[in-house]
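Down below is the structure, laid out as structure tokens.
There are 4 protein chains.
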Amino acid sequence: MGMPLELNTMIVTKGRETRVEENLFVLKKKGYRLYPIEIPIEVRKTKDSDSNGTALIKKVEWQKSSTTLTYQLISLNSTN
Amino acid sequence: MGMPLELNTMIVTKGRETRVEENLFVLKKKGYRLYPIEIPIEVRKTKDSDSNGTALIKKVEWQKSSTTLTYQLISLNSTN
Amino acid sequence: MGMPLELNTMIVTKGRETRVEENLFVLKKKGYRLYPIEIPIEVRKTKDSDSNGTALIKKVEWQKSSTTLTYQLISLNSTN
Amino acid sequence: MGMPLELNTMIVTKGRETRVEENLFVLKKKGYRLYPIEIPIEVRKTKDSDSNGTALIKKVEWQKSSTTLTYQLISLNSTN
Numbered sequence: 001m002g003m004p005l006e007l008n009t010m011i012v013t014k015g016r017e018t019r020v021e022e023n024l025f026v027l028k029k030k031g032y033r034l035y036p037i038e039i040p041i042e043v044r045k046t047k048d049s050d051s052n053g054t055a056l057i058k059k060v061e062w063q064k065s066s067t068t069l070t071y072q073l074i075s076l077n078s079t080n
Numbered sequence: 101m102g103m104p105l106e107l108n109t110m111i112v113t114k115g116r117e118t119r120v121e122e123n124l125f126v127l128k129k130k131g132y133r134l135y136p137i138e139i140p141i142e143v144r145k146t147k148d149s150d151s152n153g154t155a156l157i158k159k160v161e162w163q164k165s166s167t168t169l170t171y172q173l174i175s176l177n178s179t180n
Numbered sequence: 201m202g203m204p205l206e207l208n209t210m211i212v213t214k215g216r217e218t219r220v221e222e223n224l225f226v227l228k229k230k231g232y233r234l235y236p237i238e239i240p241i242e243v244r245k246t247k248d249s250d251s252n253g254t255a256l257i258k259k260v261e262w263q264k265s266s267t268t269l270t271y272q273l274i275s276l277n278s279t280n
Numbered sequence: 301m302g303m304p305l306e307l308n309t310m311i312v313t314k315g316r317e318t319r320v321e322e323n324l325f326v327l328k329k330k331g332y333r334l335y336p337i338e339i340p341i342e343v344r345k346t347k348d349s350d351s352n353g354t355a356l357i358k359k360v361e362w363q364k365s366s367t368t369l370t371y372q373l374i375s376l377n378s379t380n
């Protein structure tokens, strides 16, 4: 009767993000996931890789057992 | 630094829902709200009114400090 | 990197609750579960059984992959 | 009818933590707050200060409109 969800504290892209504008990306993840919205959050390619930069999530959408994030990259790590 | 959200266990429409199809409705609420998705949930006009029926939330969207629900009415109370 | 949790909208006891006082019960469930606290919530023995009554959750504790609820029964269904 | 909660992605102590053991601390915060448990999380004195270190939250308790965290400091920033 419960609804499984996953609390996430960073964005792990696995390189599957799509750029929609200059600094705006869309990323679809499996399952229902809870992310902080409009709060600086780290972006990584994999969960163990270095940080790519920092983003603000602008939109979260839950539908058909998936979560679609729209996020704005606000800073980029120079080493990337 | 935290993100305020509200855990909701029923849909309170305040009569502001929009029918998009036969049994499918869209409702926009203020703030970021967490609802169970794809689980039967009671629908009421106000929080103290009798139940209108039961719905399944099919989509939840968070953006710009508001939550947009798309829900499917699966049963209707005969007294309404 | 995420934390799995389950959003719950009712208390399903499976008969495993322990009475600690007159109307106060403690129930331990597997996993991290999110329940509304201090809001009337239905109590059932199994997820498909009839409602036993209504409770207010007074305390939620997460530790070692389990959730311990303390709830106060505020109404009892006469048929039970 | 909803339950207000706050999603938190770091521990902000405001110097109010109590040491209970070597690396184990207890911190009480106002309101119901959702934190990732058993996942590395940053600890800061204020939300704008530098990081003090990293912790694992071992226990979260919600009761009477407050949240009590028990966390284990797993790394300390040398500059602190």
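Quick mapping for you: the protein sequence lines, in order, are chains C, X, P and D.
Going by the working numbering, the first sequence opens with residue 1, and the numbers climb by one from there.
Going by the working numbering, the second sequence opens with residue 101, and the numbers climb by one from there.
Going by the working numbering, the third sequence opens with residue 201, and the numbers climb by one from there.
Going by the working numbering, the fourth sequence opens with residue 301, and the numbers climb by one from there.
Here a beta-carbon is modelled for each residue, glycine too, at the ideal position from N, C-alpha and C.
*Taking C-beta to C-beta, are residue 206/P and residue 4/C nearer than 8 Å?*
The residue you call residue 206/P lines up with position 6 of the third sequence. The residue you call residue 4/C lines up with position 4 of the first sequence. Going by beta carbons, residue 206/P and residue 4/C fall inside the 8 Å limit.
*Secondary structure at residue 166/X, three-state DSSP: helix, strand or coil?*
Along the second sequence, read from residue 1 onward, the residue named residue 166/X stands at position 66. Looking at residue 166/X - three-state DSSP - the assignment turns out to be strand.
*residue 208/P and residue 273/P closer than 8 Å at C-beta*: Taking the third sequence and counting its residues from 1, the one referred to as residue 208/P is at position 8. Taking the third sequence and counting its residues from 1, the one referred to as residue 273/P is at position 73. No, the Cβ-Cβ distance between residue 208/P and residue 273/P is not below 8 Å.
*Can you have a look at residue 128/X and say buried or exposed, based on whether 16 or more other CB atoms are within 10 angstroms of its CB?*
Position 28 of the second sequence, counting from 1, holds the residue named residue 128/X. Answer is exposed; the Cβ neighbour count stays below 16.
*Does residue 10/C get closer than 8 Å to chain X when you measure Cβ to Cβ?*
The count along the first sequence starts at 1 and reaches residue 10/C at position 10. Closer than 8 Å to the CB of residue 10/C there is not a single CB belonging to chain X.
*Pull up the DSSP beta-bridge partners for residue 290/P, would you.*
Any answer about residue 290/P is impossible in this case: the structure gives chain P only from 201 up to 280.
*For the segment 340 to 353 of chain D and the segment 364 to 378 of chain D, state whether three or more C-beta atom pairs, one from each stretch, are separated by less than 8 Å.*
The segment 340 to 353 of chain D, when compared against the segment 364 to 378 of chain D, does touch it at the 8 Å Cβ threshold.
_Beta-carbon neighbours of residue 37/C, restricted to chain X and to distances below 7 Å_ = For the purposes of this step, residue 37/C is identified with residue 37 of the first sequence, where counting begins at 1. Chain X residues near residue 37/C: 103, 132 and 162.
*What is the residue span of the beta strand (DSSP E) that residue 4/C lies within?*
Here the question's residue 4/C lines up with position 4 in the first sequence. Counting along the chain, the unbroken beta strand (DSSP E) around residue 4/C starts and ends at 3 to 7.
*Does the beta-carbon distance from residue 292/D to residue 339/D come in below 8 Å?*
Lying before the first or after the last residue shown, residue 292/D is absent from chain D, which here runs from 301 to 380.
*asked:* Taking 8 Å as the threshold (beta carbon to beta carbon), is residue 158/X in contact with chain C?
replied: Translated into positions along the second sequence, residue 158/X becomes position 58. Yes, contact with chain C.
_residue 130/X to residue 314/D span [Cα, whole Å]_ = Your numbering for residue 130/X matches position 30 in the second sequence. Your numbering for residue 314/D matches position 14 in the fourth sequence. Approximately 30 Å between the Cα atoms of the pair.
_Spatial neighbours of residue 177/X within its chain, please: C-beta separation below 8 Å, excluding the five flanking residues on both sides._
Here residue 177/X refers to the residue found at position 77 when the second sequence is read from its first residue. Around residue 177/X, the same chain offers 150, 151, 152 and 153 as residues with beta carbons nearer than 8 Å, after the five sequence neighbours per side are excluded.
*Return the chain-ordered list of same chain residues with a C-beta closer than 6 Å to the C-beta of residue 134/X, the five sequence neighbours on each side being excluded.*
For this step, residue 134/X is matched to residue 34 along the second sequence. Residues 105 and 107 of the same chain have their beta carbon placed closer than 6 Å to that of residue 134/X, with the five preceding and five following residues left out of the count.
*Report yes if the CB atom of residue 159/X is closer than 8 Å to the CB atom of residue 63/C, and no otherwise.*
The sequence position of residue 159/X within the second sequence is 59, counting from 1. The sequence position of residue 63/C within the first sequence is 63, counting from 1. Going by C-beta atoms, residue 159/X is nearer than 8 Å to residue 63/C.
*Once you ignore the five residues that flank residue 44/C on each side, which residues in its own chain have a CB closer than 8 Å to its CB?*
The residue labelled residue 44/C in the question sits at position 44 within the first sequence. Counting only Cβ-Cβ distances below 8 Å, and skipping sequence neighbours, we find 10, 11, 12, 13, 50, 51 and 52.
*Residue-level contact to chain D via CB, residue 69/C, 8 Å cutoff*: In the first sequence, counting from the first residue as 1, residue 69/C sits at position 69. Not one chain D Cβ lies under 8 Å of residue 69/C.
*Please check if any C-beta of chain D sits within less than 8 Å of the C-beta of residue 7/C.*
Residue mapping note: residue 7/C aligns to position 7 of the first sequence, counting from 1. Closer than 8 Å to some Cβ of chain D, the Cβ of residue 7/C qualifies, so yes.
*asked:* I need the boundaries of the beta strand (DSSP E) containing residue 316/D, first residue and last residue.
replied: As a working note, residue 316/D is residue 16 in the fourth sequence. Annotation for residue 316/D: no beta strand (DSSP E) segment contains it, and DSSP assigns it neither H nor E.
*asked:* Taking the alpha carbon of residue 2/C as the reference point, which residue from 67/C, 32/C and 68/C has its own alpha carbon closest?
replied: Taking the first residue of the first sequence as 1, we reach residue 2/C at position 2. Checked all of 67/C, 32/C and 68/C; the closest Cα to residue 2/C is 32/C.
*asked:* Which residue wins for smallest C-alpha separation from residue 368/D, given the options 225/P, 219/P and 261/P?
replied: By 1-based counting over the fourth sequence, the position of residue 368/D is 68. Nearest option by C-alpha distance: 261/P.
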